[in-house]
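Q:
2 protein chains.
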Amino acid sequence: MRTSQLFTQTNKMTLADEVAKNAQLLIRAGFVYKEMAGAYAYLPLGLRVLDNIKQIVREEMNAIGSNELIMTTLQRKEIWEKTTRWSDDVVDIWFKTRLKDETEVGLGWSHEEPIVEMMKQYIHSFKDLPVSLYQFQTKMRNELRVKSGIMRGREFVMKDMYSFHATAEDLEQYYEQAKEAYMRVYRRLGIGDDTFITFASGGAFTKFSHEFQTICDAGEDVIYVHRAKNIAVNEEILEDAVKELGINPDELEKVKTAEVGNIFNFGTQKTDEMGLYYTDKDNQQKSLHIGSYGIGITRVMGVIAEKMSDERGLVWPENIAPYRVYLVRIGDEESVVKAADDMYKTIEDAGVSVLYDDSDKRPGEKFSDADLIGLPHRIVVSAKTIEAGQIEYKARTSSEAEMISQEMLINRLTRG
Amino acid sequence: MRTSQLFTQTNKMTLADEVAKNAQLLIRAGFVYKEMAGAYAYLPLGLRVLDNIKQIVREEMNAIGSNELIMTTLQRKEIWEKTTRWSDDVVDIWFKTRLKDETEVGLGWSHEEPIVEMMKQYIHSFKDLPVSLYQFQTKMRNELRVKSGIMRGREFVMKDMYSFHATAEDLEQYYEQAKEAYMRVYRRLGIGDDTFITFASGGAFTKFSHEFQTICDAGEDVIYVHRAKNIAVNEEILEDAVKELGINPDELEKVKTAEVGNIFNFGTQKTDEMGLYYTDKDNQQKSLHIGSYGIGITRVMGVIAEKMSDERGLVWPENIAPYRVYLVRIGDEESVVKAADDMYKTIEDAGVSVLYDDSDKRPGEKFSDADLIGLPHRIVVSAKTIEAGQIEYKARTSSEAEMISQEMLINRLTRG
Chain A
132 MRTSQLFTQT NKMTLADEVA KNAQLLIRAG FVYKEMAGAY AYLPLGLRVL DNIKQIVREE
192 MNAIGSNELI MTTLQRKEIW EKTTRWSDDV VDIWFKTRLK DETEVGLGWS HEEPIVEMMK
252 QYIHSFKDLP VSLYQFQTKM RNELRVKSGI MRGREFVMKD MYSFHATAED LEQYYEQAKE
312 AYMRVYRRLG IGDDTFITFA SGGAFTKFSH EFQTICDAGE DVIYVHRAKN IAVNEEILED
372 AVKELGINPD ELEKVKTAEV GNIFNFGTQK TDEMGLYYTD KDNQQKSLHI GSYGIGITRV
432 MGVIAEKMSD ERGLVWPENI APYRVYLVRI GDEESVVKAA DDMYKTIEDA GVSVLYDDSD
492 KRPGEKFSDA DLIGLPHRIV VSAKTIEAGQ IEYKARTSSE AEMISQEMLI NRLTRG
Chain B
132 MRTSQLFTQT NKMTLADEVA KNAQLLIRAG FVYKEMAGAY AYLPLGLRVL DNIKQIVREE
192 MNAIGSNELI MTTLQRKEIW EKTTRWSDDV VDIWFKTRLK DETEVGLGWS HEEPIVEMMK
252 QYIHSFKDLP VSLYQFQTKM RNELRVKSGI MRGREFVMKD MYSFHATAED LEQYYEQAKE
312 AYMRVYRRLG IGDDTFITFA SGGAFTKFSH EFQTICDAGE DVIYVHRAKN IAVNEEILED
372 AVKELGINPD ELEKVKTAEV GNIFNFGTQK TDEMGLYYTD KDNQQKSLHI GSYGIGITRV
432 MGVIAEKMSD ERGLVWPENI APYRVYLVRI GDEESVVKAA DDMYKTIEDA GVSVLYDDSD
492 KRPGEKFSDA DLIGLPHRIV VSAKTIEAGQ IEYKARTSSE AEMISQEMLI NRLTRG
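So the protein sequences, as listed, match chains A and B.
FYI, in the working numbering the residues of the first sequence are 132 to 547.
FYI, in the working numbering the residues of the second sequence are 132 to 547.
#1: I want to verify the contact list: residues of chain A whose CB lies under 7 Å from the CB of B:P175, in sequence order.
#2: So, using beta-carbon positions, are A:T141 and A:D500 closer together than 7 Å?
#3: Identify whether B:T410 lies in helix, strand or coil by the three-state DSSP scheme.
#4: Are at least three pairs of beta-carbons, each pair with one atom in the region 140 to 157 of chain B and one in the region 279 to 287 of chain B, less than 8 Å apart?
#5: Where does B:T228 sit, in a helix, a strand or coil, going by DSSP?
#6: By the 10 Å Cβ neighbour count, where 16 or more other Cβ atoms means buried, how is B:Q291 classified, buried or exposed?
#7: Can you give me the Cβ contacts of B:V483 inside the same chain, cut-off strictly under 7 Å, excluding the 5 residues immediately before and after it?
#8: For A:Y487 and A:R133, what's the separation of their Cα atoms in angstroms?
#9: Let me make sure I understand the geometry here. Which of A:H341, A:A312, A:L419, A:Y164 has the alpha-carbon closest to that of B:M250?
#10: Assuming A:F343 contacts A:T326 under a Cβ cut-off of 8 Å, what Cβ separation, rounded to an integer in Å, is found between them?
#11: What residues in the region 257 to 277 of chain B have a beta carbon less than 9 Å from any beta carbon of chain A?
#12: Can you name the residues of chain D whose CB is closer than 7 Å to the CB of A:R133?
#13: Taking 8 Å as the limit between beta carbons, can you name the residues of its chain near B:Y408, skipping five residues before and five after?
#14: Opposite A:M292 in the DSSP bridges: which residues?
#15: Using a Cβ cut-off of 7 Å (strictly closer), state whether A:F162 contacts chain B.
#16: Check whether the Cβ atoms of A:A160 and A:L445 lie closer than 7 Å to each other.
#17: State the start and end residues of the unbroken beta strand (DSSP E) segment that holds A:Y457.
#18: What three-state label does DSSP hand B:T145 in the structure shown?
#19: Between B:L205 and chain A, is any beta-carbon pair separated by less than 7 Å?
#20: Among B:G323, B:F257, B:Q537, B:Y265, whose alpha-carbon lies nearest the alpha-carbon of B:K552?
#21: Using three-state DSSP, classify A:F339 as helix, strand or coil.
#22: Following the continuous beta strand (DSSP E) through A:K417, name the residue where it begins and the one where it ends.
#23: Starting from A:F295, find everything on chain B with Cβ-Cβ shorter than 7 Å and list it in chain order.
#24: Provide the residue(s) that pair with B:A363 in DSSP beta bridges, ordered along the chain.
#25: Can you tell me the Cα-Cα spacing of A:V316 and A:A452, whole angstroms?
#26: Does chain B have any CB closer than 7 Å to the CB of A:A170?
#27: From the DSSP output, which residues share a beta bridge with A:E235?
#28: Check A:F498 in the structure and name its three-state DSSP category.
#29: So, with DSSP's three-state summary, where would you put B:F162?
#30: Are B:G427 and B:Y306 touching if we call contact CB-CB under 7 Å?
#31: Since B:I328 and B:A363 should fall inside the 8 Å C-beta cutoff, what is the C-beta to C-beta distance between them, to a whole number of angstroms?
#32: Straight-line CA distance for B:F397 to B:T337?
#33: When you compare only the Cα positions, how much space is there between A:E243 and B:N361?
#34: Can you find a C-beta in chain A that's less than 7 Å from the C-beta of B:F287?
#35: Where do the ends of the beta strand (DSSP E) carrying B:M192 lie?
#36: Short check: CB of B:A349 to CB of B:L157, under 7 Å?
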């Protein structure tokens, strides 16, 4: 894509009404636009990052046999009353509104109750089990305060998955598969090394649930990590967990983190409350076991923007960068334009996504845009590089540019 | 995809609370689930159709230089007050709710005002023009009555595009391009022959706007078509148009239609009201011209379900079918399973999407599922076809099955 054809604009100002580093950077680099506190539009560059994150999540959920669907924002009161969660005293982040006939409806902040309700239509016998479904949904949560940029919004994108099983054992097995799928997701997103499966408080059916916590200064959580045992524990349940898991508290390291996912074993509580059952081989009515698995898609993008950035701008990991290469043309002589156009075509033909800065901005501006936008690879075509018969290359993570051959460049961009 | 791995279920019952044929069929075939009147979940098969429609629309909007973004559902009151459209007397389909601090907010039923507001941050000079942006958004409209299935919902997916121009001429040129892009979309969706660009009432700046109307018995509109001149006119403006366009009213054919898109030239009205201007080459402040272009994605899916179906079920056009081939295995002998598995692999390897019914349902049930789900091509592998060294093939639109060779099958599925 040429910058002349892309709707994008960098902006060097500091934004007075935005305290979060992730939103500051993403707004300045042209990835998001703030519509109101806690609600952001995603401009073309930002949308590409979201789509890349979603695609990784999609592939890993599909790989554990889950099927994608999309449910609704509008929520029926009756469904949520079955579990007492319609009440604003029980759930304090509902947005509610009314139909023309005054029927009260809610805006989905979760889809646990509606999917259990829906499955009454599709699950009857043991033959219909197990089943796992997920969606990418825009969730609405009426948060009192929102000052973490896209890390916590009133409107945000979440991948939520729900699995339905005949037995506790079958759910537990799937739960373990989901755990592994989640870690694969974080590794592919480039935050695997800093993300810990963390014990958190459970429910009626399990001692613990699991959170996925990523080390992040802007995070709102604190966890305790036992590196040798590769165990992490949420602050809330520290005491319990130390006892239960037999950890020496002195060996725990306290770190600030952001939650990037959580998984929950509901057992049969919710299905019992809502009346979703199946009949087994002997035609007996049995309780269903369900699990719930969430990843905040926009939140993960915010965490990555916080963690992977420096004083010059964003530093996108290879797998989710909106484009992989930032091609800078310096000069507008015919020979330079031709060489840069050719290079653009060569990179695209190699199947590598590239943003081609064909503007008439000064070189310094182009370089600072490249740093702010943060694509992994920057290359320069100029009279000087043409004369040398080479290309100037700089990785976003490096401070040194180097001259390399076109062959070496393409090798670098297409290997593994 | 094997049916054993796909979350889908057909259902032969008549649905008492659903009067629309499109929703009846789509629910029975396992494409959608009704969450409440006017709000439907899209199950895996339905989501694939939506994605296919979106991808066609996306390609055609990109082809006229538009850029995809995604805006927010939450809407600020102040922005809509600028054009008086916050008022429920002016716009009677608002859903509104409140933040914790009692600030009133709306749920987006259109994004005209918010995108004009947003562009104040990005459009300053003639150099920033023209620009065209679009999104696939879940719109919320508090309709009094909803009985047209997914053709008119309280919550539905829309592609809305907005273009910004320095001059009326530039907008008009783009408007013509968009018109052509829209007709390309409908042709690719398989409803091109039945879709008419229709004159409808304009605004302050143009005599007429344009609707795209598709012949459909379930439609809510009536248009008058002049086939020889290839002109169509909306009922509302018939008198005016007959005069203005010099049509003989006797030559008009009255048809029932559903609106599948509309485009609108706003001139400078909205940008003037909201205070979005640009500076021209002489540094003079000038008014901006904008156009607005909508396609109801879920509505189009509903119209296609209405039009392209028969007493046995849905009949998807090739380009938007969730899968192109329905592969039926009859029998569970080892040789049949192996032959069907091989055929499944052969079709997938040819790059053709296929739904493989590997269930233990009776042949009659499998055939009626195939008809109800409505994929374009049905093929059967059984002991009989193996013995014949051929495959049984039937197009969804044909009532006759025929025996053909594997080579001929792959040819048929992969040719242009």
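The beta carbon of each residue, even a glycine, is placed where N, CA and C say it ideally should be.
Please read these numbers as outputs of a predicted model, since none were measured by experiment.
A: For this structure:
#1: For the purposes of this step, residue 175 of chain B is taken as residue 44 along the second sequence, with counting starting at 1. Going along chain A in sequence order, the residues near B:P175 (Cβ under 7 Å) are N198, E199, L200.
#2: For the purposes of this step, residue 141 of chain A is taken as the residue at position 10 of the first sequence. For the purposes of this step, residue 500 of chain A is taken as the residue at position 369 of the first sequence. Result yes, Cβ atoms of A:T141 and A:D500 sit closer than 7 Å.
#3: Walking along the second sequence from the start, residue 410 of chain B turns up at place 279. Looking at B:T410 - three-state DSSP - the assignment turns out to be strand.
#4: yes
#5: Here residue 228 of chain B refers to the residue found at position 97 of the second sequence. The answer is strand: DSSP assigns B:T228 an E or B state.
#6: Here residue 291 of chain B refers to the residue found at position 160 of the second sequence. As written in the sequence, residue 291 of chain B is Asp, which differs from the Gln given in the question. Counting of Cβ neighbours within 10 angstroms places B:D291 among the buried residues, the total reaching 16 or more.
#7: Working through the second sequence from its first residue, we reach residue 483 of chain B at position 352. Same-chain partners within the cutoff: R455, V456, L544, T545.
#8: Position 356 of the first sequence holds residue 487 of chain A. Position 2 of the first sequence holds residue 133 of chain A. C-alpha separation (whole angstroms): 5 Å.
#9: The residue labelled residue 250 of chain B in the question sits at position 119 within the second sequence. Residue A:Y164 holds the alpha-carbon nearest to the alpha-carbon of B:M250 among A:H341, A:A312, A:L419, A:Y164.
#10: Walking along the first sequence from the start, residue 343 of chain A turns up at place 212. Walking along the first sequence from the start, residue 326 of chain A turns up at place 195. Right, their Cβ atoms sit about 6 Å apart.
#11: D259, V262, S263, L264, Q266, T269, M271, N273, E274, L275, R276
#12: No chain D appears in this structure, whose protein chains are A and B.
#13: Here residue 408 of chain B is taken as the residue at index 277 of the second sequence, counted from 1. Contacts found: T402, Q416, K417, S418, L419.
#14: Indexing the first sequence from 1 puts residue 292 of chain A at position 161. DSSP lists A:Y265, A:Y424 as partners of A:M292.
#15: Reading the first sequence from its first residue, position 31 is the one you call residue 162 of chain A. Not a single C-beta of chain B is nearer than 7 Å to the C-beta of A:F162.
#16: Here residue 160 of chain A is taken as the residue at index 29 of the first sequence, counted from 1. Here residue 445 of chain A is taken as the residue at index 314 of the first sequence, counted from 1. Yes, they are a contact pair.
#17: Position 326 of the first sequence, counted from the start, is the residue given in the question as residue 457 of chain A. 456 to 460 is the span of the beta strand (DSSP E), which, as asked, contains A:Y457.
#18: Residue 145 of chain B sits at position 14 when you count from the first residue of the second sequence. If DSSP states are grouped into helix, strand and coil, B:T145 belongs with coil.
#19: Residue numbering aside, residue 205 of chain B sits at position 74 when the second sequence is read from its first letter. Yes, contact with chain A.
#20: The structure shown does not extend to residue 552 of chain B, since chain B is modelled only from 132 to 547, so the question has no answer here.
#21: Taking the first residue of the first sequence as 1, we reach residue 339 of chain A at position 208. Of the three classes helix, strand and coil, the one that applies to A:F339 here is strand, per DSSP.
#22: On the first sequence, residue 417 of chain A is found 286 positions in, with the first residue counted as 1. 416 to 418 is the extent of the beta strand (DSSP E) around A:K417.
#23: For the purposes of this step, residue 295 of chain A is taken as the residue at position 164 of the first sequence. By Cβ distance, chain B contributes nothing, its closest Cβ being about 10 Å from A:F295, past 7 Å.
#24: Here the question's residue 363 of chain B lines up with position 232 in the second sequence. Per DSSP, B:T329, B:V356.
#25: Numbered from its first residue, the first sequence carries residue 316 of chain A at position 185. Numbered from its first residue, the first sequence carries residue 452 of chain A at position 321. Whole-angstrom Cα-Cα distance: 15 Å.
#26: Taking the first residue of the first sequence as 1, we reach residue 170 of chain A at position 39. Against chain B, the CB of A:A170 has a partner CB under 7 Å away; the residue lies at that interface.
#27: For the purposes of this step, residue 235 of chain A is taken as the residue at position 104 of the first sequence. A:E235 is bridged to A:R229.
#28: For this step, residue 498 of chain A is matched to residue 367 along the first sequence. DSSP places A:F498 in the helix class (H, G or I) of the three-state scheme.
#29: Mapped onto the second sequence, residue 162 of chain B falls at position 31. Coil at B:F162, not helix or strand.
#30: Residue numbering aside, residue 427 of chain B sits at position 296 when the second sequence is read from its first letter. Residue numbering aside, residue 306 of chain B sits at position 175 when the second sequence is read from its first letter. Taking 7 Å as the Cβ cut-off, B:G427 and B:Y306 do not qualify as a contacting pair.
#31: Counting from 1 along the second sequence, the entry for residue 328 of chain B is found at position 197. Counting from 1 along the second sequence, the entry for residue 363 of chain B is found at position 232. Indeed, because the Cβ distance is near 7 Å, the residues count as touching under 8 Å.
#32: Residue 397 of chain B sits at position 266 when you count from the first residue of the second sequence. Residue 337 of chain B sits at position 206 when you count from the first residue of the second sequence. Answer to the nearest angstrom: the Cα atoms are 8 Å apart.
#33: Position 112 of the first sequence, counted from the start, is the residue given in the question as residue 243 of chain A. Position 230 of the second sequence, counted from the start, is the residue given in the question as residue 361 of chain B. Cα-Cα distance, rounded: 51 Å.
#34: Residue numbering aside, residue 287 of chain B sits at position 156 when the second sequence is read from its first letter. Chain A contact via Cβ: absent.
#35: Counting from 1 along the second sequence, the entry for residue 192 of chain B is found at position 61. Element bounds for B:M192: not the beta strand (DSSP E) but the alpha helix (DSSP H), 175 to 194.
#36: Your numbering for residue 349 of chain B matches position 218 in the second sequence. Your numbering for residue 157 of chain B matches position 26 in the second sequence. Going by C-beta atoms, B:A349 is not nearer than 7 Å to B:L157.
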